[in-house]
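Each position in the sequence shown, counted from 1, maps to that position plus 251 in my numbering.
Okay, structure first, notes after.
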Amino acid sequence: MKKNNFFDWTIYLQEELTAVIDIPQKKMVILEKAIELNGLLWIDDENNLQIKPTWDCVISVNHQNRSVTIRHTETVFNIEE
């Protein structure tokens with residue numbers, strides 16, 4: 252898992268995912284190797300973390316540690332394609 256800092260949150264992504272962070276806009280885009288958009292995270296006007304996945308994934312939120320883990324569904328449930 253790759254660890255990314257996103258304001259006061261820690262975002263863990265599977266190795267094949269890449270995070271691109273736009274600090275002024277408070278947005279993080281998640282991409283795969285093929286530059287395919289996989290999701291968007293942002294901090295809204297009330298300082299809430301918002302998540303919009305665009306693929307079949309499992310998102311685990313640990314509010315105590317302020318961390319988010321994002322994994323492909325296939326990985327979580329050991330589904331072979």
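In this text, a Cβ means the ideal position worked out from N, Cα and C, and glycines have one as well.
Checklist entry - Bridge partners of Gln301, per DSSP? => result Trp293
Checklist entry - Going by the CB atoms, is the gap between Asp259 and Arg317 shorter than 8 Å? => result yes
Next on the checklist: Tell me the residue span of the alpha helix (DSSP H) that contains Glu325.
Outcome noted: 324–327
Item to check | Cβ-based neighbour list, Gln265, same chain, cut-off 8 Å, excluding 5 preceding and 5 following | outcome: Met252, Lys253, Ile321, Arg322, His323, Thr326
Item to check | Residues of its chain near Ile330, where Cβ-Cβ distance is below 8 Å and the 5 sequence neighbours each way are ignored | outcome: Thr324
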